Every structure is written in C-alpha cells, then in structure tokens.
Amino acid sequence: MAVDPLIELRDVNKHYGTLHVLQDINLTVGRGEVVVIIGPSGSGKSTLCRTINRLETVESGTILLDGKPLPDEGKDLAGLRAEVGMVFQSFNLFAHKTVLANVSLAQIKVRKRKKEEADKRSRQLLERVGLADQADKYPAQLSGGQQQRVAIARALAMSPKALLFDEPTSALDPEMINEVLEVMQQLAQEGMTMVVVTHEMGFARSAANRVVFMADGKIVEDRTPEAFFTAPESERAKDFLSKIL
Ligand code: ADP
Ligand code: MG
1 MAVDPLIELR DVNKHYGTLH VLQDINLTVG RGEVVVIIGP SGSGKSTLCR TINRLETVES
61 GTILLDGKPL PDEGKDLAGL RAEVGMVFQS FNLFAHKTVL ANVSLAQIKV RKRKKEEADK
121 RSRQLLERVG LADQADKYPA QLSGGQQQRV AIARALAMSP KALLFDEPTS ALDPEMINEV
181 LEVMQQLAQE GMTMVVVTHE MGFARSAANR VVFMADGKIV EDRTPEAFFT APESERAKDF
241 LSKIL
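Letter by letter, the sequence shown follows residues 1 to 245 in full-length UniProt numbering.
Structure below.
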C-alpha cells in the first residue's frame, strides 16, 4: 500500500536505566491510517505512544511528524501536543472545571481562540460524542464512559493531525466500553489518523488498517488485522493471542 506518511519512527531506542524499553523501533503511520498496538504488559506500548508526542524523550533515532522532526524542549511542545492529541486510560480531565471548560481550555490557551468561539466548537464536539446535554456538569458527575468521551472531544477540539489512545477503555466498566469504541470507530471512518493501544480485539479487527504486536521493547509483527489474527507468525504473538482470545 502506498502510504502518505504522517508519523515516522526510525531506529528509535530508549532505556530506563538498564531496561532497553524501545529497541530499534521502525514504524510508519500513514495519513488516515488506524494502527492498533497490542502486546503483553510491560512490552513498551505506552512508552512508544508517549514518545510520539514527546511525553518521553528518546536516546537515538528519529521521529518525524508530517516530515518534520519533533520539536525539542520549549513552547513548541504545546503545539506538538495539540497536533498529536492523546487520550489516556485515566481520562485526565480537570476535576474543578465543567465539561465545557475542559474542552475549551486548550483551545483558548494554545490555539488562541476567543472564549465564545472555543465554547461554540466545544458544544459541537460534545454533540458529536453524544454529550450535548452534559456541558455544564463536572467530570465527577459523569460516568467513566462519558468522561472518556469528553477527553476525546477535548483532543479533537485542537484539530489534531493524529490522535494517540493508550488503553482508552481499560478503566471502564464493561457496559461503557462500547460507547467509547463507537466514537473511536466513527473517527476512524472519518479518516482520523490514529494510534491505538488496546486489548479490544473486536475494535482492532473492524477499525485497524494494521496491527503492530510488541514484545520486550520490539515490534515483532506489523500486519493487517486479518493476517495477524488468522495466522500470527511469531511464537510470542501466538502465545499472547491464545491467552486473550
Ligand atoms: P506497556 O504499556 O506495554 O505495558 P510500558 O511502556 O508502560 O509498557 O513499560 C515498559 C517497561 O518500562 C516496563 O517494564 C515498565 O516497568 C518500564 N517503565 C515504564 N515507565 C518507566 C519509568 N518512567 N521509569 C522506569 N521504568 C519504566
Ligand atoms: Mg501501557
């Protein structure tokens, strides 16, 4: 497949002390592509995600966004994190701000939008994630699934080039998982570039263009979901799938 690369990692390496947590990572995510990252706990999935919006630095290798190296320290980082939004397992909403203010805040601070303009866009996005009537509540008044949809709206409010999801449904009660996955599925259909760490294999099968399987800091397989799930090549992947499916 001819891809128009949006995110490129080339020969990326990182250690935590003696732990070689990312080992010669090469990964290209094309514009509009959905890449699902799976693998055992501790294999480096979160670290990989976090390097892409520079929540973590790397020791060697190159990471390009839209052909340009990620910025170093400083205020360009806020811009980067607007361009590459991240949705965490733990929602990370501001508890003392309303839902609307949560979605508007970075639009005003980082994108320099006027409050009225930001709030208008926030309401549109809240409607898109099915939360139009929750704008004036505080996060604690919402269910986990609703909070995670607010977090997605907040990331979308920055008009990101790509979104990273790190186990977005792992902290949710089972009955709330689908309402979040449905929003993600919709974004995928609309052409959003997404990197998604998840154990939701149904989502991987239906939304992913590629599945990347990681183990021990390495990318072990990088294939279509169809190929990966029907015929995993490595023993590590076979073993992993036998435990979760
Ligand atoms: P995954 O998301 O696949 O479960 P992580 O990327 O969170 O894996 O972690 C990979 C490895 O790096 C684990 O062994 C973890 O304990 C270790 N690790 C993660 N973050 C840190 C840190 N800040 N300092 C030291 N070790 C870390
Ligand atoms: Mg993780």
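Glycine included, C-beta positions come from ideal geometry on N, C-alpha and C.
Please read all numbers here as calculations on a predicted model, not as lab measurements.
Residues passing the C-beta test against ligand 1 heavy atoms, cut-off 5 angstroms: Tyr16, Val21, Ser41, Gly42, Ser43, Gly44, Lys45, Ser46, Thr47
Report buried or exposed for Leu19, applying the criterion of at least 16 other Cβ atoms within 10 angstroms of its Cβ. If you number the sequence shown from 1, residue 19 lands on position 19. It counts as exposed.
Cα-Cα separation between Ile108 and Arg236, rounded to whole angstroms: Here residue 108 is taken as the residue at index 108 of the sequence shown, counted from 1. Here residue 236 is taken as the residue at index 236 of the sequence shown, counted from 1. Their backbone Cα atoms lie some 46 angstroms apart in a straight line.
Where does Gly85 sit, in a helix, a strand or coil, going by DSSP? Numbered from its first residue, the sequence shown carries residue 85 at position 85. Looking at Gly85 - three-state DSSP - the assignment turns out to be strand.
Using CA coordinates, which residue listed in Ser122, Arg128, Gly144, Gln148 is at the minimum distance from Asp136? Your numbering for residue 136 matches position 136 in the sequence shown. Selected option, being the one with the closest Cα: Ser122.
Does the stretch 7-23 touch the stretch 171-181, meaning 3 or more C-beta pairs lie closer than 8 angstroms? no
How about Val197: is its Cβ closer than 7 angstroms to a heavy atom in ligand 2? The count along the sequence shown starts at 1 and reaches residue 197 at position 197. Yes, the beta carbon of Val197 sits closer than 7 angstroms to at least one heavy atom of ligand 2.
Leaving out five residues on either side along the sequence, give the residues of the same chain with a beta carbon under 6 angstroms from the beta carbon of Thr28. The sequence position of residue 28 within the sequence shown is 28, counting from 1. Closer than 6 angstroms at Cβ, skipping near neighbours: Pro5, Glu8.
CB Arg223 to CB Arg210, shorter than 8 angstroms? Locating residue 223 in the sequence shown gives position 223, where the first residue counts as 1. Locating residue 210 in the sequence shown gives position 210, where the first residue counts as 1. For Arg223 and Arg210, yes; Cβs fall inside 8 angstroms.
Run the proximity test for Glu200: is its beta-carbon closer than 7 angstroms to any non-hydrogen atom belonging to ligand 2? Within the sequence shown, residue 200 is the residue found at index 200, counting from 1. Not so, every heavy atom of ligand 2 lies at least 7 angstroms from the Cβ.
Under the rule that 16 or more other beta-carbon atoms within 10 Å means buried, what is Asn53, buried or exposed? One-based indexing of the sequence shown puts residue 53 at position 53. That one is buried.
Going by beta-carbon coordinates alone, are Thr193 and Gly32 separated by less than 8 angstroms? Within the sequence shown, numbered from 1, the residue matching residue 193 stands at position 193. Within the sequence shown, numbered from 1, the residue matching residue 32 stands at position 32. Yes; because the gap between Cβ atoms is below 8 angstroms, this pair is in contact.
Alpha carbon to alpha carbon, how far is Thr169 from Pro69? Taking the sequence shown and counting its residues from 1, the one referred to as residue 169 is at position 169. Taking the sequence shown and counting its residues from 1, the one referred to as residue 69 is at position 69. About 31 angstroms.
Can you find the residues in the same chain that come closer than 7 angstroms, C-beta to C-beta, to Pro40, ignoring five residues on each side of it along the sequence? In the sequence shown, counting from the first residue as 1, residue 40 sits at position 40. Around Pro40: Ala215, Phe240.
Run the proximity test for Glu56: is its beta-carbon closer than 7 angstroms to any non-hydrogen atom belonging to ligand 2? Here the question's residue 56 lines up with position 56 in the sequence shown. Result no, Cβ not under 7 angstroms from ligand 2.
Is the beta carbon of Ala155 closer than 8 angstroms to that of Gly79? Within the sequence shown, residue 79 is the residue found at index 79, counting from 1. Within the sequence shown, residue 155 is the residue found at index 155, counting from 1. Taking 8 angstroms as the Cβ cut-off, Gly79 and Ala155 do not qualify as a contacting pair.
Is any non-hydrogen atom of ligand 2 found closer than 7 angstroms to the C-beta of Asp119, if you look at the structure I gave you? Along the sequence shown, one-based indexing puts residue 119 at 119. Every heavy atom of ligand 2 is 7 angstroms or more from the Cβ of Asp119, so no.
Quick check on this structure: which residue in Thr51, Gln124, His96, Asn102 has the alpha carbon closest to the alpha carbon of Arg81? As a first step, residue 81 is located in the sequence shown; it is residue number 81 there, counting from the start. The candidate whose alpha carbon is nearest that of Arg81 is Thr51.
Alpha carbon to alpha carbon, what distance is there between Ala157 and Val36? Numbered from 1 along the sequence shown, position 36 holds the residue referred to as residue 36. Numbered from 1 along the sequence shown, position 157 holds the residue referred to as residue 157. Looking at the two C-alpha atoms, the distance is approximately 23 angstroms.
With Pro71 as the anchor, note down where its beta strand (DSSP E) starts and where it stops. Counting from one through the sequence shown, the residue named residue 71 turns up at place 71. Pro71 -> no beta strand (DSSP E), and no H or E assigned at all.
Residue closest to Val103, alpha-carbon to alpha-carbon, out of Leu55, Glu226, Ser46, Ser159: Counting from one through the sequence shown, the residue named residue 103 turns up at place 103. Of the candidates Leu55, Glu226, Ser46, Ser159, the one whose C-alpha sits nearest the C-alpha of Val103 is Ser159.
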